[in-house]
Every structure is written in structure tokens, then in C-alpha cells.
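Those letters in the sequence shown? Residues 1126 to 1201, by our numbering.
Ideal Cβ placement from N, Cα and C applies to all residues, glycine included.
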Amino acid sequence: MNAWVNIDTPLKTYTVHLDHDTCPYVTDMKQKSNQGWKKQQGTGGWKLFRSKEEALDIYDISHKDKLSLIECGHCK
């Protein structure tokens, strides 16, 4: 199952969303053009992962010391 992640740099959060059909935050989410890392560093953005495990691995590798991990209460 795919996982959408909202990386919010100003709020310092990394929010994982799982259920594409029922979660109100991602029901109409589609992959958008890649902004590039430099543009995303300012505010963050949405990223699509192949699984929750992949999203959590990227969190551990790249964001653990900078962002708080949140699992969406609607779809966890």
C-alpha cells in the first residue's frame, strides 16, 4: 500500500498518511511535478512512497533529528 508523507518544515513535522481511499487529507492527492530539493527545503511538500516501511526508513535516514514523526489519526 502506498504512503503519502507531508513534510512540513516550518512546523517541523513528518506526517505519514496510509489509506488513500478514506483519509480526508489524501483522498484526491495525485503525484505532482517534482519541485526539486532546493525549493522543498523552505516549506516542505508531499511525497509518495511505495509503502509505510519505505516512508519510515526515509524518516530515520534523513529527517529523524530535524522533524517529529506523526502517523495520521484518520488512517493509521
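- In this structure T1140 is in contact with V1130, their Cβ atoms being roughly 7 Å apart against a cut-off of 8 Å.
- Secondary structure at Y1184: helix, using DSSP grouped into helix, strand and coil.
- DSSP places T1138 in the strand class (E or B) of the three-state scheme.
- DSSP places S1193 inside the beta strand (DSSP E), whose first and last residues are S1193 to E1196.
- Non-local C-beta neighbours of T1134 in its own chain, meaning closer than 6 Å and more than five positions away in sequence, comprise T1168 and G1169, ordered along the chain.
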